[in-house]
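Chains as they are written, first to last, in my numbering: chain A, 1 to 84; chain B, 85 to 168; chain C, 169 to 320; chain D, 321 to 472. For each residue, glycine too, the CB sits at the ideal point set by N, CA and C.
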Amino acid sequence: MVKILYFAGLREATGQGAEEFALPDDVRDVAALRALLRKRGDAWAEALAESKRVRAAVNQDMAAGDTPVTDGDEVAFFPPVTGG
Amino acid sequence: MVKILYFAGLREATGQGAEEFALPDDVRDVAALRALLRKRGDAWAEALAESKRVRAAVNQDMAAGDTPVTDGDEVAFFPPVTGG
Amino acid sequence: MPVRIQNEDFDIGREVAQLRRDNPQVGAVASFVGVVRDLNDGKTVAEMTLEHYPGMTEKAIEEIIGQAKGRWQVYDALVVHRIGRLAPLDQIVLVVVTSAHRGDAFAACEFIMDYLKTQAPFWKKEKTPDGARWVEARASDDAAAERWQTKD
Amino acid sequence: MPVRIQNEDFDIGREVAQLRRDNPQVGAVASFVGVVRDLNDGKTVAEMTLEHYPGMTEKAIEEIIGQAKGRWQVYDALVVHRIGRLAPLDQIVLVVVTSAHRGDAFAACEFIMDYLKTQAPFWKKEKTPDGARWVEARASDDAAAERWQTKD
């Protein structure tokens with residue numbers, strides 16, 4: 001299981017803030033997880049589309065598409081940040 | 085007449101803070117005035133020596149050696165500034 | 169704590185005094201306060217809400233402060249960032265850096281702000297006459313953060 | 321008044337609030353506070369006295385602020401500089417700049433400090449265990465001011 005968090009516009013678009021997710025064996029990085037989540041339906045496909053600027057973090061560190069994801073990780077998806 | 089002011093180390097070295105000074109006809113700029121003041125004695129010669137970093141202002145604007153000085157002006161001599 | 173995320177407002181005077189307290193080696197204190205403007209991207213802003221990623225936010229900012237301390241001679245640095253609902257004229261963020269000399273204090277303070285803008289997980293939602301909208305990230309903020317990578 | 325020369329201490333919180341008051345276009349406030357250190361050029365400093373050139377000081381700083389406003393998008397700028405006797409940990413100088421954006425606020429604030437250091441007629445005399453001495457101007461301060469001339 002991994003914990004997945006969604007923030008800001010992504011949270012609103014997917015209607016989901018946090019979930020526990022059973023990681024399939026063949027999903028080993030952020031890009032693969034994002035691709036899998038897109039298959040959940042139109043809202044997910046659009047919110048996580050490759051053309052969209054989506055940022056990710058693994059265990060609270062900024063992550064890239066090839067950042068590994070393994071059981072027990074905390075993964076987050078969110079738009080580019082706009083604080084300050 | 086011009087008004088001459090001295091600040092900080094220059095005030096202490098010359099023992100003078102401010103004076104009214106009759107400007108000779110041939111003294112027309114800051115460098116000439118500084119050279120004339122050096123002739124007042126050893127303390128003046130040393131404090132205003134060419135080798136010393138002395139700054140000047142004419143009418144409260146930073147001045148160079150060739151900045152004109154005329155009757156009625158306020159001229160100031162002082163060391164490089166160290167505020168802030 | 170060098171990083172605080174809070175709903176409450178902050179007092180720059182108290183924070184500056186606290187950060188440099190009892191350190192007579194501090195000669196320079198650079199500070200930055202970010203404020204809510206009533207106009208953004210051409211639209212009137214009545215109110216905004218700031219969301220963050222608890223845990224990661226603090227960690228990301230602490231890392232940014234650590235980088236600043238590695239690059240410049242800095243005694244202490246503080247970041248206070250507000251979350252929740254804010255109105256125009258409200259303070260959003262405070263960065264304070266203490267140093268022996270002003271060059272280090274200015275550079276580290278600006279560096280922390282530039283990195284915070286692109287690396288710290290905060291998101292702003294604005295209420296405008298046309299409805300609520302999430303603020304878009306700016307290319308100019310990416311550029312501001314990137315310029316520190318070529319310096320030195 | 322954008323320039324104040326005074327014996328009394330100042331309160332950065334009050335000055336920042338005052339400068340940005342009622343201007344909801346201000347998004348960024350950059351500030352600098354200079355502080356007396358207990359050590360300078362390797363000597364312990366027990367106390368210092370700040371002398372200035374009344375009239376010219378205000379004029380010089382107003383000109384520096386005017387230059388900053390010509391170079392960057394700045395709403396307001398304030399300089400408060402203390403004179404007279406000061407001890408370690410005492411505040412010496414405050415510069416505050418308000419702007420729509422942080423890049424302008426930081427640049428203008430640092431520019432004002434760098435120019436003040438070389439252009440505003442103040443002189444410091446320090447009391448050390450070896451006696452009193454006038455502080456020497458630093459080449460690094462000239463260099464800091466000069467770098468603004470090649471930029472832009």
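Report task. Just tell me which of Asp-110(B), Ala-133(B) and Leu-107(B) has its CA closest to the CA of Pro-163(B). Result -> Ala-133(B)
Residue span of the alpha helix (DSSP H) that contains Trp-128(B), given as start and end:
126-131
Report, in whole angstroms, the separation of the C-beta atoms of Val-203(C) and Ile-260(C), which I expect to be a contact under 8 angstroms. 6 angstroms
| field | For Asn-360(D): DSSP bridge partner residues | value | Lys-363(D)
Would you please state the rounded distance, in angstroms, between the beta carbons of Phe-290(C) and Gly-83(A)? I believe it to be under 8 angstroms. 3 angstroms
Problem - Inter-residue spacing [alpha-carbon to alpha-carbon] between Ala-425(D) and Gly-9(A) - result: 30 angstroms
* What's the gap between the Cα of Glu-378(D) and the Cα of Phe-330(D)? -> 17 angstroms
* Asked: So is Gln-241(C) in contact with chain D if we call contact Cβ pairs under 9 angstroms?
  -> no
Can you tell me which of the three DSSP states Arg-38(A) falls into?
helix
_DSSP three-state label for Gln-186(C), please._
helix
Fill in: chain B contact residues for Lys-437(D), given Cβ-Cβ distances below 9 angstroms
Val-165, Thr-166, Gly-167 and Gly-168
**Bridge partners - Gln-235(C), DSSP secondary structure assignment** = According to DSSP, Gln-235(C) bridges with nothing at all.
Report the residues of the stretch 350-362 of chain D with a CB closer than 7 angstroms to any CB of chain C, ordered along the chain. Ala-350, Ser-351, Phe-352, Val-353, Gly-354, Val-355, Arg-357, Asp-358 and Leu-359
Roughly how far, in whole angstroms, is the beta-carbon of Ala-196(C) from the beta-carbon of Arg-270(C), given that I think they are within contact range, below 8 angstroms?
4 angstroms
Do you know offhand how far Gln-287(C)'s Cα is from Glu-20(A)'s? 25 angstroms
inquiry  = Quick check on DSSP: helix, strand or coil for Asp-157(B)?
reply    = coil
What residue range does the alpha helix (DSSP H) around Asp-113(B) cover? Run containing Asp-113(B): none; DSSP gives neither H nor E here.
| field | Any C-beta of chain C under 9 angstroms from that of Asp-61(A) | value | yes
Candidates Leu-121(B), Arg-112(B), Glu-96(B) and Ala-127(B): closest to Thr-154(B) by CA position
Arg-112(B)
Just the C-alpha distance for Asp-320(C) and Ala-275(C), rounded to the nearest angstrom, thanks. Here the model assigns Asp-320(C) a pLDDT of 49, short of 50, so the residue's position is not dependable, and the following value carries that caveat. So the alpha carbons of these two residues sit roughly 12 angstroms apart.
Open item on the list: Counting only C-beta atoms, is Ala-127(B) closer than 9 angstroms to chain D at any point?
Closed with: no
What residues of chain D sit near Phe-162(B), judged by a beta carbon separation below 8 angstroms? Tyr-373, Pro-441 and Trp-443
inquiry  = Strictly by DSSP, which residues pair up with Arg-55(A)?
reply    = Phe-78(A)
### Message
Can you tell me where the alpha helix (DSSP H) holding Met-281(C) begins and where it ends?
### Response
270-287
Practice prompt. Leaving out five residues on either side along the sequence, give the residues of the same chain with a beta carbon under 7 angstroms from the beta carbon of Arg-253(C).
Written response: Glu-215 and Thr-217
Is Ile-403(D) helix, strand or coil by DSSP? coil
With burial defined as no fewer than 16 other Cβ atoms inside 10 Å of the residue's Cβ, what is the status of Ala-56(A): buried or exposed? buried
- request: Could you tell me which chain D residues have their CB closer than 8 angstroms to the CB of Glu-268(C), listed as they occur along the chain?
  value: The question names Glu, but residue 268(C) is Ala in the sequence shown. What Ala-268(C) touches in chain D: Arg-357.
By DSSP's criteria, Ala-452(D) is part of a beta bridge. Which residues make up the other side? Lys-447(D)
Self-check item: Close-in-space but distant-in-sequence residues of the same chain around Leu-120(B) (CB under 6 angstroms, 5 per side omitted)
Solution: Val-111
* Are there 16 or more other CB atoms within 10 angstroms of the CB of Ser-419(D), so buried, or fewer, so exposed? -> buried
Buried or exposed by the 16-neighbour rule on C-beta atoms within 10 Å, applied to Met-85(B): exposed
Trp-128(B) and Arg-137(B): beta carbons closer than 9 angstroms? no
So, using beta-carbon positions, are Asn-175(C) and Ile-229(C) closer together than 9 angstroms?
no
Among Ser-460(D), Lys-445(D), Asp-434(D) and Phe-352(D), which one has its Cα closest to the Cα of Val-265(C)? Phe-352(D)
Note to self: Taking the alpha-carbon of Val-415(D) as reference, which of Pro-408(D), Val-400(D) and Ile-325(D) has the nearest alpha-carbon?
What the structure shows: Val-400(D)
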